[in-house]
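Be aware that the sequence shown starts at 15, since it is given in the numbering used here, and climbs by one per residue.
Using N, Cα and C, we set each Cβ at its ideal position, and we do this for glycine too.
Below you'll find the structure, written out as structure tokens, and then a few comments.
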Amino acid sequence: MNIYFFVFFLFITATITLTFALRSWQKGVSRTIYFSLLLGSLSTGTFSYAMELWGGEETSKFFWLMIKYAGFVLTAVFWLLFTLHFTERRQWLRLPYYVTMAIIPAITFLMLLTTSQTGWMFKNIRLWEQTYLIFDYGPYFWVHTLYMYTMFGLGFSFLYVWFRQKQPLNTLQWIGLVSGISIPFFTNLIVVFRLPFLAPIDLTPLGMALGIWLIGWVLFGVNFSGVNPIARETLIESLKDGVIVLDTHRMITDANPAARHLLAAPGSLIGQPLETAISDPIVLPTLDIADTYPHQEITLPNPGGEPRVLDLRASPLVDKTQLLRGWLLLLRDITEQKKLQNEIKKQSLRNAALAEIELAINQPHELAGVLRKIVDTTYELLPAAGGATILMWDDEARSFEHADSTLPAEDLNHLLLRARQGRGSASWIVANRQPKIVPDTHYDPFGDSSLMVANSILAYAGFPLVANGKIVGVLYANDTQPRAYLEDDLRFLQTLANRAAMAIYRVQQFSQVQQQAITDHLTGILNRRQLFNLGELEFRRARRFNRPLCAILLDIDHFKMINDTYGHAKGDQVLKNLAQFLKLQLREFDILARYGGEEFVIILPGADFANARNIAHRLRKGVEDRTMINGSVSITISLGVAELTEATPDFQALINQADMAMYEAKRAGRNRVAWLE
Numbered sequence: 015m016n017i018y019f020f021v022f023f024l025f026i027t028a029t030i031t032l033t034f035a036l037r038s039w040q041k042g043v044s045r046t047i048y049f050s051l052l053l054g055s056l057s058t059g060t061f062s063y064a065m066e067l068w069g070g071e072e073t074s075k076f077f078w079l080m081i082k083y084a085g086f087v088l089t090a091v092f093w094l095l096f097t098l099h100f101t102e103r104r105q106w107l108r109l110p111y112y113v114t115m116a117i118i119p120a121i122t123f124l125m126l127l128t129t130s131q132t133g134w135m136f137k138n139i140r141l142w143e144q145t146y147l148i149f150d151y152g153p154y155f156w157v158h159t160l161y162m163y164t165m166f167g168l169g170f171s172f173l174y175v176w177f178r179q180k181q182p183l184n185t186l187q188w189i190g191l192v193s194g195i196s197i198p199f200f201t202n203l204i205v206v207f208r209l210p211f212l213a214p215i216d217l218t219p220l221g222m223a224l225g226i227w228l229i230g231w232v233l234f235g236v237n238f239s240g241v242n243p244i245a246r247e248t249l250i251e252s253l254k255d256g257v258i259v260l261d262t263h264r265m266i267t268d269a270n271p272a273a274r275h276l277l278a279a280p281g282s283l284i285g286q287p288l289e290t291a292i293s294d295p296i297v298l299p300t301l302d303i304a305d306t307y308p309h310q311e312i313t314l315p316n317p318g319g320e321p322r323v324l325d326l327r328a329s330p331l332v333d334k335t336q337l338l339r340g341w342l343l344l345l346r347d348i349t350e351q352k353k354l355q356n357e358i359k360k361q362s363l364r365n366a367a368l369a370e371i372e373l374a375i376n377q378p379h380e381l382a383g384v385l386r387k388i389v390d391t392t393y394e395l396l397p398a399a400g401g402a403t404i405l406m407w408d409d410e411a412r413s414f415e416h417a418d419s420t421l422p423a424e425d426l427n428h429l430l431l432r433a434r435q436g437r438g439s440a441s442w443i444v445a446n447r448q449p450k451i452v453p454d455t456h457y458d459p460f461g462d463s464s465l466m467v468a469n470s471i472l473a474y475a476g477f478p479l480v481a482n483g484k485i486v487g488v489l490y491a492n493d494t495q496p497r498a499y500l501e502d503d504l505r506f507l508q509t510l511a512n513r514a515a516m517a518i519y520r521v522q523q524f525s526q527v528q529q530q531a532i533t534d535h536l537t538g539i540l541n542r543r544q545l546f547n548l549g550e551l552e553f554r555r556a557r558r559f560n561r562p563l564c565a566i567l568l569d570i571d572h573f574k575m576i577n578d579t580y581g582h583a584k585g586d587q588v589l590k591n592l593a594q595f596l597k598l599q600l601r602e603f604d605i606l607a608r609y610g611g612e613e614f615v616i617i618l619p620g621a622d623f624a625n626a627r628n629i630a631h632r633l634r635k636g637v638e639d640r641t642m643i644n645g646s647v648s649i650t651i652s653l654g655v656a657e658l659t660e661a662t663p664d665f666q667a668l669i670n671q672a673d674m675a676m677y678e679a680k681r682a683g684r685n686r687v688a689w690l691e
């Protein structure tokens, strides 16, 4: 064998392996980190063997020999750690087991350092043909060899069991997996037992490299039920929606933490029949590959609380040959939405009992229109010749926020100011949740005499507006004469106050639902759906009037490390604080939306490409120079900038250009702005 060709091949193998190791490390996922350590140690051993053959002096060759064996013993350790993590045996990934696995490698390192004196690892070390370093095996060498075979054998057995239970492989993939284990084993046997046709060449580095490449192809080149293992860990595991994967026998092969939480599973769902995880009387969907799958609502018992309502959608998982491989179930907790819907339905039934007042109060869908209707109805239907007033109470701010009245605007503002200062009867009504009936304002301890005189108010009745136990405001009916309010008048006013409160509450909930439909629940900015609604409008407007339009897509660098280091609560706070920072840096008519995960999109109407790039640079610098949580968490962002041109067919294409530019920034080292030329 040409030694120089073989050395060159070893260098190439080490370089390729190291490249794969670095790429795996950059993904930042625990599975790929273990795999990158495995590749890194293998690359070290392969490179060391190349240097051993390349070196000239015996001392140099012996140094690289020690490095080679140190790299290979670490390869065995990282192989087992990787397979333990990949096959979800993470209970073994703890410090006591790390220490146990490190005992033999530590002894191996010691034996390598002292073998020239003790001969425990190698003895009779000598040069052959001025190129090859040959030696006899010491007694500890066989302990080292047994440890290597044991570690690789355990890892393979874990993978075999895992694939048999969770995801069957096709014939080609099984050949790849078995070959990936067999090739390193047999090449090492050739070396250990010194078969004459290759002595003294050591094929172990090449065998290990080829074997691990094959195993990597099987593990990371296959989509398990349509979900890649890396994507599953980074995305599926962090979803708040439940995800369940079924095989063709309706057995659960995978489930994320959200699914286990939603189904209140005490342990792992994997391996259970679907009917066991979702008990009766739940109606399971008909999972026929030819059907379409609308949303289905299922109700789960909740001991000690209200039943939980889940939205379930099932869809088939097929491979490239259209062979059914299983089903994907998506679960979302819609208990709160259902409660809101039920509450609205309940209020609608109550409104039907007062049909005329319903028509008078609840037709408008804007709060201002409802308040106007309430005031007008109070003034028209009750003996309230002095007019009517409604003050809106914000329970969170503990203050009166706005009002409507038949009073002049100046007097209404004065009344609202007094209420905010805690003066007047409105604060008393809110605090006590009781009506305040004043038949004669001359004897009213809360009254403002100048206001009463100016508007000829000599009597009034104030009622709290209470809906679902929450104060939403105060309703006043004023009279120009002192009077003793009849019981029937007060009863009717109470009924009207109740209906008015419900009308206000319904409008608030309606507005809240509308806002939720266009707003990201975590950050409070626009969601992806509303981004495309507004973005399409801006795109058409820019096309029609030939105006510039630019988009910026930005992503937080290494956001998963923030979640892993500080927890998801801190991660959520970083997203919220970043959204608020970006919002403060933009113009009122700029569009800011959360695109998904840790990605945000900014649409800049009227901004040319140079201006958009300057804005992106300013945002990047601003984020870099500040901390997101009380000085404890700093982040950087990568931004991609795109410009609307004649070649841009639609708004989606503009976003795609910004997305590609953002990934250019990522590839260039992160914490930078990039654009496509």
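| Check | Outcome |
| --- | --- |
| Residues that DSSP places opposite Y474 in a beta bridge | V452, N492 |
| The region 622-640 in contact with the region 575-582 per 3-pair CB rule at 8 Å | no |
| Simplified DSSP assignment, three categories, for D268 | strand |
| Stretch pair the region 59-73 + the region 28-35: three plus CB contacts closer than 8 Å | yes |
| Proximity test, Cβ basis, 9 Å: N685 and chain B | Of the protein chains in this structure there is only one, and it is not chain B. |
| Beta strand (DSSP E) runs contained entirely in the region 606-656, provided each spans 3 or more residues | 613-619 |
| Residues near A269 by beta carbon distance below 6 Å, same chain, minus five either side | I258, L283 |
| Own chain partners of D673 with C-beta closer than 7 Å, once the 5 adjacent residues on each side are dropped | L567, G654 |
| Bounding residues of the beta strand (DSSP E) (the contiguous stretch that carries M406) | 401-408 |
| Reduced DSSP category for N138 - H, G, I as helix; E, B as strand; rest coil | strand |
| Those runs of the beta strand (DSSP E) which lie wholly inside the region 413-443 and span at least 3 residues | 413-419 |
| Same chain, Cβ closer than 7 Å to Y393, five either side skipped, listed in chain order | G401, A402, T420 |
| CB of L126 within 9 Å of CB of T89, strictly | no |
| Three-state secondary structure assigned by DSSP to E1 | With the chain represented from 15 up to 691, any question about residue 1 goes unanswered, as that position is not in the structure. |
| N541, DSSP secondary structure in three states | coil |
| F86 vs S130 beta-carbon contact at 9 Å | no |
| contact_flag[the region 131-140, the region 149-164] where n(CB pairs < 8 Å) is 3 or more | yes |
| Residues near A374 in its chain [Cβ-Cβ closer than 7 Å; skip 5 each side] | In this predicted model, A374 has a pLDDT of only 43, less than 50, meaning its place in the structure is not dependable; the value taken from the coordinates is given anyway. Closer than 7 Å at Cβ, skipping near neighbours: K387, T391. |
| Buried or exposed (CB count within 10 angstroms, at least 16 for buried), K353 | exposed |
| Inter-stretch contact at 8 Å, needing at least 3 Cβ pairs: the region 401-417 / the region 489-499 | yes |
| Residue interval of the beta strand (DSSP E) (run including E691) | Per DSSP, E691 belongs to no beta strand (DSSP E) and is neither H nor E. |
| Any alpha helix (DSSP H) of 4 or more consecutive residues that is wholly inside the region 109-177 | 109-132 |
| Where Q528 falls: helix, strand or coil (DSSP) | helix |
| Anticipated Cβ contact below 8 Å, Y609 with R542, distance rounded | 6 Å |
| Whole-Å CB distance - A607 paired with E657, under 8 Å assumed | Contact doesn't hold; Cβ gap of about 19 Å is too wide. |
| When A679, Q523, A382 are compared against Q351, the one with the closest alpha-carbon | Q523 |
| Which residues DSSP lists as bridging T313, in chain order | V323 |
| Proximity below 9 Å, CB of L314 to CB of L288 | no |
| Separation of Y111 from I121, as counted between CA atoms | 16 Å |
| Nonlocal neighbours in the same chain, by C-beta distance under 7 Å from S652, ignoring five residues either side | L568, D569, D571, M676, A679, K680, R684, N685, R686 |
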